[in-house]
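Colleague: I'd like to ask you about the structure that follows.
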Amino acid sequence: MNRKIAFISEHASPLAVLGGVDSGGQNVYVAELCKKLASNGFEVDIYTRKDTKEIPTTVHWMDGIRVIHIKAGAESFVPKEKLLDHMGAFTENMIAYIRNNQVSYEIVHANFFMSALVAYHLKQRLQIPYVVTFHALGKIRQLHQKEKDGFPAARIPIEQLIVRDADQIIAECPQDQEDLVNHYNANPSRITIIPCGFSEEEFYPMDKILAREALNLPVKEKILLQLGRMVPRKGIDNVIRALGRLKQSTKVKLVVVGGNADMPDPDKDSELRRLQAIAKEEQVADSVIFAGRKNRDMLKYFYNAADFFISTPWYEPFGITPLESMACGTPVIGSNVGGIKYSVVDGKTGFLVPPNNPDMLARKIQFGLENEDSYNYLSRNSLSRVNKIFTWDCVAQQMQQLYEKVICSNYKVQPSFNRRPSLTSIPVMGVHPGFKEPSFQQINRNLYE
1306 MNRKIAFISE HASPLAVLGG VDSGGQNVYV AELCKKLASN GFEVDIYTRK
1356 DTKEIPTTVH WMDGIRVIHI KAGAESFVPK EKLLDHMGAF TENMIAYIRN
1406 NQVSYEIVHA NFFMSALVAY HLKQRLQIPY VVTFHALGKI RQLHQKEKDG
1456 FPAARIPIEQ LIVRDADQII AECPQDQEDL VNHYNANPSR ITIIPCGFSE
1506 EEFYPMDKIL AREALNLPVK EKILLQLGRM VPRKGIDNVI RALGRLKQST
1556 KVKLVVVGGN ADMPDPDKDS ELRRLQAIAK EEQVADSVIF AGRKNRDMLK
1606 YFYNAADFFI STPWYEPFGI TPLESMACGT PVIGSNVGGI KYSVVDGKTG
1656 FLVPPNNPDM LARKIQFGLE NEDSYNYLSR NSLSRVNKIF TWDCVAQQMQ
1706 QLYEKVICSN YKVQPSFNRR PSLTSIPVMG VHPGFKEPSF QQINRNLYE
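For reference, each letter of the sequence shown is one residue, going 1306 to 1754 in my numbering.
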């Protein structure tokens, strides 16, 4: 009997096209981690919201992995900031699916605070333990975005509830752990640091000239790359302003990959319009290429074509794209925040700079482009560090150990150091005959208490 686990990722489906407003690192995290778990013997069901009428309820994505689309509100795109009101329907419909299909899970892995709220109700009603990866924390987001934060006020008490209730919390980096302890009073003994990863099959070094030729990019100019969701907190404006501060003698192109469409259209994308206006203001419009959204199989060419990958958000819980760049041998210049200051070692695998500081960023770019020996040193160290610590194989191995710990603890089993029972040896818990289910609304009344 294979081990069964349920992932919940309400807004971030592994089937989504990356680069849009709500499609990014969480999608990759869920997809890649589940692939490794499936290859290690798990049967994985990924529950996500049904956001289009055309997609079937159950998609057999690959061996050992199903993507199950749960109806919650209109079967159309809804920004994640507006999804909380639909989580009650998501919970009821997910439980109905589990019961109607007689599915049993040993553990649930929730991703983001709304998925964690669903997992909380599953634990209450079906007695399934859960772990949570928050991917971002509301209190920290509010510190940076203030009134621009679009999430409802209920996010904070929900996160506080989950921090108290979850069987284990997965912090993606030391800063994430600090934030949980300092801002949510989390118990450090119930936090495990497990980073994000990169796919060795997808991202690896290749000839820079061949990569540029494949993308029709100039072979002799220096190229900077910014890749990811095109939203204000990613700091693309900061990179454009830094480009305007480089020496005039340095010919540099900035390639921006991401957005809501394959062919960028400023008439339909307000963030693109804003960035184009900044490029014009800085007199570098001719040096900035907005490449649009790209299929994932094309990303390795962009990483390899670049001299430096630039990632200067003012808030980044982890950030998978710096890992992917390092895996291609392209050093990263990143903000000294969140997960970036964990994955990038300043002066050894790249450079760290304060967010929203285009002058400092420009100086680091200039130094990196003008010092070949230093550049080669950074490139070699990037490859070494990322392959030693951040492969999805390493991540999955740590995650499986955490799952076993939670399941053993849930069944009052204390495994010895030398003899840990496997997940297959532990029976799946059923529902006690006398258990009376509270409703989603009844349990939610306690959120603000």
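Cβ atoms here follow ideal geometry from the backbone N, Cα and C, with glycine treated the same way. If you're wondering where the values come from, they're calculated on a predicted model, not measured in any experiment.
What residues in its chain sit with their C-beta under 7 Å from that of arginine 1550, if we drop five residues either side in the sequence?
Modeller: Excluding residues within five positions, the ones whose Cβ falls inside 7 Å are Pro1663, Asp1664, Ala1667.
Colleague: Would the segment 1493-1500 count as touching the segment 1452-1462 if we require 3 or more Cβ pairs under 8 Å?
Modeller: Flag = no, the segment 1493-1500 and the segment 1452-1462 do not touch.
Colleague: Distance check for glutamate 1507 and leucine 1520, CA to CA, integer angstroms please.
Modeller: One C-alpha to the other measures close to 17 Å.
Colleague: Tell whether a beta-carbon distance below 8 Å holds between valine 1562 and lysine 1599.
Modeller: Yes, they are a contact pair.
Colleague: For glutamate 1498 versus alanine 1476, is the C-beta spacing smaller than 8 Å?
Modeller: Note that residue 1498 is isoleucine in the sequence shown, not glutamate. Closer than 8 Å, so yes.
Colleague: First and last residue of the beta strand (DSSP E) that includes valine 1658?
Modeller: First-last of the beta strand (DSSP E) with valine 1658: 1655-1658.
Colleague: Do arginine 1354 and phenylalanine 1395 have their C-beta atoms closer together than 8 Å?
Modeller: For arginine 1354 and phenylalanine 1395, yes; Cβs fall inside 8 Å.
Colleague: Excluding five sequence neighbours on each side, which residues of the same chain lie with their C-beta closer than 6 Å to the C-beta of glutamine 1705?
Modeller: Excluding residues within five positions, none has a Cβ falling inside 6 Å.
Colleague: Just mark methionine 1603 as buried or exposed, buried being the case when its beta carbon has 16 or more other beta carbons within 10 Å.
Modeller: Exposed: under 16 other Cβ atoms inside 10 Å.
Colleague: Can you give the Cα-Cα distance for leucine 1657 and serine 1648, rounded to whole angstroms?
Modeller: Cα to Cα, the separation comes out at about 10 Å.
Colleague: Within 10 angstroms of its Cβ, does glycine 1369 collect 16 or more other Cβ (buried), or is it exposed?
Modeller: Result: buried.
Colleague: Could you check what DSSP says for lysine 1309 in three-state terms: helix, strand or coil?
Modeller: Looking at lysine 1309 - three-state DSSP - the assignment turns out to be strand.
Colleague: I need the straight-line Cα distance from glutamate 1359 to glutamate 1380, nearest angstrom please.
Modeller: Their backbone Cα atoms lie some 9 Å apart in a straight line.
Colleague: Is there contact here, the segment 1394-1414 with the segment 1307-1315, by at least three beta-carbon pairs under 8 Å?
Modeller: Result yes; three or more Cβ-Cβ pairs closer than 8 Å.
Colleague: Where does valine 1423 sit, in a helix, a strand or coil, going by DSSP?
Modeller: Note: valine 1423 maps to helix in three-state DSSP.
Colleague: Pick helix, strand or coil for valine 1560, following the three-state DSSP scheme.
Modeller: Valine 1560 falls in the strand class under three-state DSSP.
Colleague: In terms of residues, what are the limits of the alpha helix (DSSP H) holding valine 1486?
Modeller: That run of the alpha helix (DSSP H) goes 1479-1489.
Colleague: Check whether the Cβ atoms of valine 1437 and alanine 1458 lie closer than 8 Å to each other.
Modeller: In this structure, alanine 1458 does not lie closer than 8 Å to valine 1437 by Cβ.
Colleague: Give me the Cα-Cα distance between tyrosine 1680 and lysine 1669, rounded to the nearest whole angstrom.
Modeller: Each residue's alpha carbon lies about 11 Å from the other.
Colleague: What is the C-beta distance between isoleucine 1625 and tyrosine 1334, in whole angstroms, given that I count them as a contact (C-beta under 8 Å)?
Modeller: Indeed they touch by this definition, with Cβ atoms about 7 Å apart.
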